[in-house]
Each structure stands twice: as C-alpha cells, then as structure tokens.
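**Student:** Here the working numbering is used: the first residue of the sequence shown is 1, the next is one more, and so on.
C-beta: ideal position from N, C-alpha, C; glycine also.
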Amino acid sequence: MSPDTAGRLSEFAKACKAATRLVSMYPPSHPTIQAALARITEAGKQAVYNGPLPITVLPDALLVGGRGFTKSDPAATELATLLHQQLIGEFTLLSTLEPDEWHAFLMLLAKTPEDVRAIGGLAHAWTAIGNKSITLKEIDYAEVLRERAGRGESASWDRILATLSEEKDESGELEPGMAGMLEMAKDSERLAQFAERLQAHGRASGDDSVQQRKSLLELMHGLANYAADRQPGELDAVLNRMAGAAAQMSPEMLLTLIIDPPPPQPPGTTAPRMDLGSELQARLTDEMLTKFLVENVVKDRGASDRLAAAFQTLVPDPDRQQSILAAATEQAAAMFGQDPQFESVWNSSTQMLTTDSDSQFVSDDYARELTSARTQATAVDTIGDDPPVRIRAWVSTVSGEEVRGLDQRLLLDLLTIEARTEAWAGVLDLAVGSIDQLVLVGDLALAAQLVDAVVSAAKKTDSATAAYAAAGVTRLVEGSLVRHLALFLRQATDSEVGLAARICRTIGPSLVEPLANALAAEDNARTVRRLRDILIGFGTATRQYADELRTSPNPAVRRAAVDLLRALGGEAALPDLRGLLDDGEPQVQREALRAIVQIGTNEAYEALEHALKNGKPHTRDAILQALGSLRDERAAPLFVHLLTHSGYTGSLEGEYLSTIESLMRWKVFHGRKSMTCANSVLPRYIVAPG
Numbered sequence: 001m002s003p004d005t006a007g008r009l010s011e012f013a014k015a016c017k018a019a020t021r022l023v024s025m026y027p028p029s030h031p032t033i034q035a036a037l038a039r040i041t042e043a044g045k046q047a048v049y050n051g052p053l054p055i056t057v058l059p060d061a062l063l064v065g066g067r068g069f070t071k072s073d074p075a076a077t078e079l080a081t082l083l084h085q086q087l088i089g090e091f092t093l094l095s096t097l098e099p100d101e102w103h104a105f106l107m108l109l110a111k112t113p114e115d116v117r118a119i120g121g122l123a124h125a126w127t128a129i130g131n132k133s134i135t136l137k138e139i140d141y142a143e144v145l146r147e148r149a150g151r152g153e154s155a156s157w158d159r160i161l162a163t164l165s166e167e168k169d170e171s172g173e174l175e176p177g178m179a180g181m182l183e184m185a186k187d188s189e190r191l192a193q194f195a196e197r198l199q200a201h202g203r204a205s206g207d208d209s210v211q212q213r214k215s216l217l218e219l220m221h222g223l224a225n226y227a228a229d230r231q232p233g234e235l236d237a238v239l240n241r242m243a244g245a246a247a248q249m250s251p252e253m254l255l256t257l258i259i260d261p262p263p264p265q266p267p268g269t270t271a272p273r274m275d276l277g278s279e280l281q282a283r284l285t286d287e288m289l290t291k292f293l294v295e296n297v298v299k300d301r302g303a304s305d306r307l308a309a310a311f312q313t314l315v316p317d318p319d320r321q322q323s324i325l326a327a328a329t330e331q332a333a334a335m336f337g338q339d340p341q342f343e344s345v346w347n348s349s350t351q352m353l354t355t356d357s358d359s360q361f362v363s364d365d366y367a368r369e370l371t372s373a374r375t376q377a378t379a380v381d382t383i384g385d386d387p388p389v390r391i392r393a394w395v396s397t398v399s400g401e402e403v404r405g406l407d408q409r410l411l412l413d414l415l416t417i418e419a420r421t422e423a424w425a426g427v428l429d430l431a432v433g434s435i436d437q438l439v440l441v442g443d444l445a446l447a448a449q450l451v452d453a454v455v456s457a458a459k460k461t462d463s464a465t466a467a468y469a470a471a472g473v474t475r476l477v478e479g480s481l482v483r484h485l486a487l488f489l490r491q492a493t494d495s496e497v498g499l500a501a502r503i504c505r506t507i508g509p510s511l512v513e514p515l516a517n518a519l520a521a522e523d524n525a526r527t528v529r530r531l532r533d534i535l536i537g538f539g540t541a542t543r544q545y546a547d548e549l550r551t552s553p554n555p556a557v558r559r560a561a562v563d564l565l566r567a568l569g570g571e572a573a574l575p576d577l578r579g580l581l582d583d584g585e586p587q588v589q590r591e592a593l594r595a596i597v598q599i600g601t602n603e604a605y606e607a608l609e610h611a612l613k614n615g616k617p618h619t620r621d622a623i624l625q626a627l628g629s630l631r632d633e634r635a636a637p638l639f640v641h642l643l644t645h646s647g648y649t650g651s652l653e654g655e656y657l658s659t660i661e662s663l664m665r666w667k668v669f670h671g672r673k674s675m676t677c678a679n680s681v682l683p684r685y686i687v688a689p690g
C-alpha cells in the first residue's frame with residue numbers, strides 16, 4: 001500500500017489496539033479513557049480523509065486494496081489478530097465516529113470470542129446498535145471448502161478472504177459456502193482432509209488446541225444443522241459420511257465430536273438442537289473403528305491414553321471390543337509386515353485399550369473416592385470445608401517463590417541428567433534466561449546455584465556441552481545481568497550483597513568490564529560502594545578500569561576510583577592519586593589524601609609534598625584542611641616527613657605550623673608512635689629562626 005495509507009492505517013491500528021485494552025479497565029468518564037477515545041477519534045478521522053477505508057483482515061496482517069505493509073507493523077499485526085479472533089474478515093471504516101460511538105464499538109471488540117459468539121457474533125451485535133459508520137463482514141470457516149472454478153481445494157486464506165463479499169447472496173447469508181460444505185460432505189475422506197486443514201490453519205493462526213477443537217465442533221454442527229434444515233432427505237447420508245470422516249481424525253478430535261457439548265445456537269433459532277455426538281457414535285461401524293485403531297497404533301508405534309479413552313468411550317461393550325480388536329490384529333499384522341517389534345507393540349497396545357485402568361497407580365480408598373465423585377456434580381469453588389490454616393498452607397505451595405524454586409530445581413536436574421547435546425543446549429537457554437529473571441526479582445540464592453551449574457559445565461572442556469556452556473556464560477556477561485544486579489544492590493541486605501559478589505566471582509574476570517561500566521553510570525551512592533567492593537574482589541583485573549572511573553562526572557564514582565587505586569594500585573597508583581588531589585570535590589580530595597597516607601612510603605610522602613609546594617592554591621588549602629582533620633596514627637610519619645623536608649618560612653610557613661600543631665595534638669592524644677615522632681622534630685622547631 002502507499003506510504004500515506006500505510007501511515008494512517010498504522011496510526012489507526014495503534015490507537016484502536018490501545019483503546020481496546022483500556023475500555024474494559026476504566027469507566028467512560030476516566031481521563032485515561034477520554035484520552036484514548038480522543039486519539040482513536042482523530043486517527044479514524046484521518047483514516048477516512050480520502051474516503052471509506054476497506055480493510056481485509058488476515059490472521060496476522062491487514063490489507064487495503066489487496067496490499068499490505070512494506071515492512072512489518074506490530075500494531076497492525078496485533079489488531080489483525082484481535083479482529084481475526086472475533087471472526088472478522090473485512091472491516092470497513094465509512095465515516096468518522098464520535099468518542100461515545102467508538103466506546104460502544106470497542107466494548108464489543110474487547111469481549112472474549114466466547115462472549116461475542118454468545119451474543120451472535122461481533123457483526124451481529126454491532127448491526128443491532130444501528131451505527132452505519134463501520135461495516136463488518138465475518139468469516140465462515142465453511143468457505144474453506146468452497147470449490148471455485150480454477151481454484152480447487154487448496155485455495156489460500158488470502159484468496160478466500162479477498163472474495164468474501166462475493167460469497168454472499170442477497171439475503172446476506174453464506175448459503176453458497178454452506179452448500180459447498182454439503183457438497184464436500186459427499187466424500188468422507190475429503191471431509192476428513194478438510195478437518196485436518198482447518199486444524200493446521202488454527203495452529204498457524206496461534207489458536208490453542210481447545211480453540212482448534214471448538215472450531216471443528218462448530219463447523220460440523222453447522223453442517224449437520226444445515227443439512228437437516230435445507231435437505232432433510234439427505235441428512236442420514238450426510239451423518240453417515242460425517243461418521244466416516246470422524247473415524248479418520250485424531251483421537252482428540254473424535255472425542256471432541258462425540259462427548260463435547262454442542263456450541264450455542266444462534267439467536268432466534270427455535271429448532272431443537274441435534275445431538276450430533278450420539279448420531280455419529282451410532283453410525284461408527286466396526287470396520288470404521290478397526291481402521292481407526294490400526295492407523296493410530298501403527299502411526300504412534302503404540303496406543304496412547306487418548307486412543308484408549310476414545311476406544312472405551314466409543315465401544316463400552318467388552319464383547320464388541322474383543323471382536324474389533326481381533327479384526328484389528330489381522331490388519332495391523334499386515335501393516336507391520338516383518339517388523340520384529342509387532343508382537344510386543346500390539347500386545348501392550350491391546351492391554352491398554354482393553355484395560356484403561358489406573359489400578360496400579362491409585363490406591364483402593366482413593367479409587368472409591370474417585371468413583372463416588374463421578375456420581376455427583378460439585379461446584380468446587382463453593383466448597384468451604386477446609387480450615388483457613390490448611391488453605392493458606394496449600395496456597396503457599398504455589399507462591400511465586402515456590403514456583404521459581406521448582407523451576408530452578410527442574411533446570412538444575414535437566415542440566416545434570418540430559419545427555420543429548422542439542423536438548424542440553426535448549427535447557428541451557430532456559431537456564432540463562434532464568435538467571436536474569438531471578439536476579440531481577442532478587443532471588444539470588446537460586447540464581448547462584450544455576451550460575452554454578454553453568455560455569456561448572458563450561459569448565460569441563462572434554463564435554464560436548466562445554467562450548468554451549470561457555471557461550472551461555474558469555475551471554476550472561478554481555479546481557480542484562482549486571483544491569484539487574486545494579487538495581488538489586490540498591491535495596492539488598494549485607495548477606496545478599498555477599499551472594500551477588502559470589503555470583504560475580506563465579507562468572508569470573510570477564511564480568512569486570514560490565515561491572516565497571518555499571519559503576520561509572522551509577523548515581524546511587526550505596527550501589528556505587530557495593531559495586532566498588534565487588535570490583536575490588538577481582539584484584540588486579542580491575543586496575544585498568546580505575547582510570548575510566550576517576551574521570552567520571554559523578555563524585556561518588558571518583559571516590560570509588562580512589563578506593564580501587566588504593567586497594568589495587570600500590571605505589572604505581574600514586575600519579576593517579578596525585579591527580580585526584582586537584583579534584584574540585586573536597587571529599588574526593590580527602591579520600592585521595594587518605595589513600596596516599598595509607599600507602600605510607602617515602603614516594604607517597606614526596607608526592608604529597610610536591611602537591612603542597614607546587615599545587616594549585618585550592619589544592620594546597622584542601623590538603624592543609626585535610627591534614628588538620630586526620631585522626632589516623634598512620635599519618636604521624638607523614639607529618640615527620642613534611643617537617644623534615646619543608647621550609648620554615650615563606651609560602652610554606654603556614655603548612656609547617658599547621659603540621660606541627662597537628663603533631664602536637666597527636667602527642668597529647670595518641671600513642672607512643674606519635675609521641676616519638678613529635679619528640680624527634682619538635683626541638684628543631686624550637687630552635688628554628690623566628
């Protein structure tokens with residue numbers, strides 16, 4: 001479609017999808033709803049700027065004039081999915097709507113497909129409102145069977161939906177399509193093939209198995225009711241062929257047709273409802289059931305529980321079961337041929353099909369309780385005979401923490417016992433994603449165990465899964481783990497911080513760079529300190545990132561850089577620490593001075609002396625102020641160094657006097673080391689000139 005049309009349709013889809021989500025959450029007068037309705041009103045106005053806008057709805061796309069978007073549009077895809085779920089095949093916007101009219105339409109669109117079908121469908125409900133600004137055409141699954149010249153049975157959904165309007169007669173009913181279904185029902189095999197095609201379409205459209213079975217049930221009931229209404233003389237033959245088609249379906253689909261309740265009848269229907277399940281079951285011959293059993297056992301190399309349930313439901317008479325199984329044995333032997341496994345496969349299948357018993361799994365007492373339960377209908381949600389304590393205990397077993405723990409233990413077990421390399425790689429993907437999520441929610445104990453398992457697997461270089469595990473560790477390093485960890489550290493307890501540090505150390509030095517980047521971007525002082533401590537735990541691997549941190553615009557990060565330099569740099573860090581003495585933030589200067597003092601070598605003292613003699617005025621003032629406030633006994637040698645290497649007068653006179661005053665205070669208030677240092681220099685001060 002043209003860029004202009006695509007832009008208007010995209011904006012309309014965004015507004016419609018957003019408003020649909022909101023209308024069921026807030027009253028019409030709520031400001032949020034008013035804003036959403038104003039947006040879709042404007043988007044609808046723009047959509048019909050050049051005239052009516054007819055939109056063809058596919059399961060995952062919107063078309064205008066048979067053309068779609070050049071690039072995938074997520075909003076249009078979501079709206080297409082929503083409309084398709086409501087069985088809308090064509091949506092035409094004829095003119096603008098007022099906000100209250102949009103609200104009425106969106107309230108219908110926001111209903112579940114089941115609720116909409118209960119009121120006759122979206123198109124029927126919208127027509128009943130009487131608004132002509134939007135016209136809707138619904139999909140009838142019967143049209144998949146429509147045989148058109150030159151098209152055949154493989155007609156695509158795009159083609160069917162594009163010709164939807166052609167399939168309606170003047171009365172507005174989909175009579176040609178239903179007539180085509182009736183024609184298709186003359187051949188049981190073709191009808192069964194169509195049923196399979198319908199299920200495949202449902203899977204491709206994102207329908208779950210329940211919705212797929214509902215679609216089949218609605219279609220078959222519609223066909224039977226149409227035949228009963230329009231061609232009653234053919235009804236018996238149609239039902240016989242439908243039974244033949246049902247016997248070619250999967251056990252799940254066959255059970256759906258036999259035991260599921262019929263779909264709701266359309267509004268206004270007065271005819272009695274047909275019991276299609278009983279009709280089909282009565283028409284399933286022994287030959288049909290024999291073929292049904294053999295084909296499913298051969299295909300699956302055994303009998304499934306659903307096949308056993310279907311067989312027991314369809315053939316409750318034990319004598320008839322044995323007769324059918326005897327015939328099935330002969331057919332199965334011919335189909336298996338010389339397969340040496342035939343006897344074991346068929347014997348186990350026969351036992352399951354005829355027994356269908358859970359006696360080996362269920363105790364006698366529990367079996368009696370189950371039998372009793374089948375004889376009475378109970379509204380489980382209204383039972384109140386469990387005490388609150390027991391209910392709370394049950395509920396606690398499905399709390400978020402418990403479920404996460406179960407998921408984690410399952411992943412740990414699978415990482416341990418799974419021997420297939422590709423399957424193990426799939427488990428690893430789940431484990432890596434789970435680690436990120438566990439850290440995000442703060443469940444570090446569980447995350448740490450998964451990290452241990454993944455890293456341990458990566459270290460087993462002789463294992464076929466080691467390369468996958470190493471790639472998983474790389475994904476953790478390059479992914480969102482550190483970002484989630486930084487968020488968690490803001491509120492973590494001390495023990496949780498220890499767990500976080502353990503996780504980081506387990507992953508290894510490859511995590512240093514993302515941790516340093518996170519620290520550089522962090523503005524929370526507590527998080528900065530905790531990230532700093534974790535980085536210090538990596539030792540010298542962190543040293544190269546200190547230069548980046550000391551140039552951060554955030555003073556807290558620069559202070560963290562000082563700590564890293566002090567802990568990891570030693571004397572080699574003196575030039576960097578000397579540079580931080582010129583920092584514009586007094587607290588950074590004090591931390592840098594304290595770091596130099598704690599290094600405690602002559603080179604450290606000389607660096608400080610150089611800053612006093614040659615530094616900027618504000619640097620010298622800051623150093624003097626910091627020296628005056630130092631209360632660390634390890635600073636005494638520094639004072640001695642300054643007194644013995646500094647001048648008595650001139651620009652350094654103030655520094656000299658300040659140093660002596662500090663040392664005198666230390667002589668009074670501190671230990672023997674301070675007194676010894678003071679005694680060694682004070683006589684020099686007493687005899688000094690002036």
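1) Helix, strand or coil for VAL482? Go by DSSP, reduced to three states.
2) Along the chain, which unbroken stretches of the beta strand (DSSP E) at least 3 residues long are found entirely within the stretch 101-146?
3) Quick check on the burial criterion: 16 or more other C-beta atoms within 10 angstroms. Buried or exposed for HIS484?
4) CB-CB under 6 Å to PRO251, same chain, minus the five flanking residues each way: which ones, in chain order?
5) Within 10 angstroms of its Cβ, does THR20 collect 16 or more other Cβ (buried), or is it exposed?
6) Just the C-alpha distance for ARG159 and ASP73, rounded to the nearest angstrom, thanks.
7) How big is the Cα-Cα spacing for ASP100 and PRO262?
8) Once DSSP output is grouped into helix, strand and coil, what is the label at PRO261?
9) Quick one: grab the DSSP three-state call for THR285.
10) Quick check on this structure: which residue in VAL477, LEU122 and VAL451 has the alpha carbon closest to the alpha carbon of LEU499?
11) Just checking LEU217 against the ligand FAD - is the residue's beta carbon closer than 7 Å to any of the ligand's heavy atoms?
12) Does the stretch 9-28 come into contact with the stretch 41-50, if we say contact requires no fewer than three beta-carbon pairs (one atom in each stretch) closer than 8 Å?
13) Taking the DSSP output, what are the residues bridged to PHE91?
14) So, are the CB atoms of LEU353 and LEU325 less than 8 Å apart?
15) For GLY68, count neighbouring Cβ atoms within 10 angstroms of its own Cβ and tell me buried if that reaches 16, exposed if not.
16) Taking just the CA atoms, how far does ALA227 sit from LYS186?
17) Can ALA448 and ARG502 be called in contact, C-beta distance under 8 Å?
18) Taking Cβ positions, are LEU122 and LEU106 nearer each other than 8 Å?
19) State the Cα-Cα distance for the pair ILE259 and ALA457, rounded to the nearest angstrom.
20) Taking ALA520 as the reference, give the member of VAL439, VAL482 and LEU411 with the closest Cα.
21) Just to confirm, are ALA334 and LEU280 a CB contact at a threshold of 8 Å?
22) Got a sec, what are the start and stop residues for the beta strand (DSSP E) LEU63 sits in?
23) Do you know offhand how far THR77's Cα is from LYS111's?
24) Could you give the first and the last residue of the continuous alpha helix (DSSP H) run that contains GLU301?
25) Please identify the residue among LEU284, ARG490, GLU603 and ARG559 whose C-alpha is closest to the C-alpha of GLN587.
26) Taking the alpha carbon of ARG529 as the point to measure from, which residue in THR56, MET220 and ALA492 has its own alpha carbon closest?
27) Just checking my contact of MET242 with ALA224 at CB under 8 Å: how many whole Å lie between their CB atoms?
28) Could you tell me the distance, in whole angstroms, from the CA atom of PRO52 to the CA atom of LEU62?
29) Do the stretch 390-398 and the stretch 424-438 meet, that is, are 3 or more Cβ pairs less than 8 Å apart?
30) Using 10 angstroms around the beta-carbon of LYS214, count the other beta-carbons present and answer buried if the total reaches 16, otherwise exposed.
31) Are three or more beta carbon pairs between the stretch 26-34 and the stretch 82-95 nearer than 8 Å?
**Tutor:** Taking the structure as given:
1) It is helical.
2) The qualifying runs are 134-138.
3) By the 16-neighbour rule on beta-carbons within 10 angstroms, HIS484 is buried.
4) Answer for PRO251: ARG306, LEU307 and ALA310, listed in chain order.
5) By the neighbour-count rule (16 or more Cβ atoms within 10 Å), THR20 is buried.
6) Annotation note: pLDDT 40 at ARG159 (below 50); position unreliable, coordinate value reported separately. Each residue's CA atom was taken as its position, placing ARG159 and ASP73 some 22 Å apart.
7) So the alpha carbons of these two residues sit roughly 36 Å apart.
8) For PRO261, the three-state secondary structure derived from DSSP is coil.
9) In the structure shown, THR285 sits in coil (DSSP, three-state: anything other than H, G, I, E or B).
10) When only C-alpha atoms are compared, the closest one is VAL451.
11) With respect to small molecules bound, the structure shown includes none, and the ligand FAD cannot be examined in it.
12) As far as the Cβ criterion goes, the stretch 9-28 touches the stretch 41-50, which means the pair count is three or higher.
13) For PHE91, the beta-bridge partners assigned by DSSP are ILE55 and LEU136.
14) Cβ distance < 8 Å, so LEU353 and LEU325 count as in contact.
15) Result: buried.
16) Roughly 12 Å between the two C-alpha positions.
17) Cβ atoms of ALA448 and ARG502: closer than 8 Å.
18) Going by C-beta atoms, LEU122 is not nearer than 8 Å to LEU106.
19) In a straight line, the C-alpha of ILE259 is about 50 Å away from that of ALA457.
20) Scanning VAL439, VAL482 and LEU411 for the CA closest to the CA of ALA520 turns up VAL482.
21) It is not a contact, given that the beta carbons lie outside the stated cut-off.
22) Bounds of the beta strand (DSSP E) holding LEU63 are 61-63.
23) Straight-line Cα distance between these residues: approximately 19 Å.
24) The sequence shown places Arg at residue 301, not Glu. Premise fails: ARG301 is in no alpha helix (DSSP H) and is neither H nor E.
25) Nearest in C-alpha terms to GLN587, of all of LEU284, ARG490, GLU603 and ARG559, is ARG559.
26) Of the candidates THR56, MET220 and ALA492, ALA492 places its Cα closest to the Cα of ARG529.
27) About 7 Å separates the two Cβ atoms, so the contact holds.
28) Distance from the CA atom of PRO52 to the CA atom of LEU62, rounded to whole angstroms, is 15 Å.
29) Taking one beta carbon from each stretch, the stretch 390-398 and the stretch 424-438 have fewer than 3 pairs nearer than 8 Å; the two do not touch.
30) LYS214 counts as buried, since at least 16 other C-beta atoms from the protein chains shown sit within 10 angstroms of its C-beta.
31) Fewer than three beta-carbon pairs drawn from the stretch 26-34 and the stretch 82-95 are found closer than 8 Å, and the two stretches are therefore not classed as touching.
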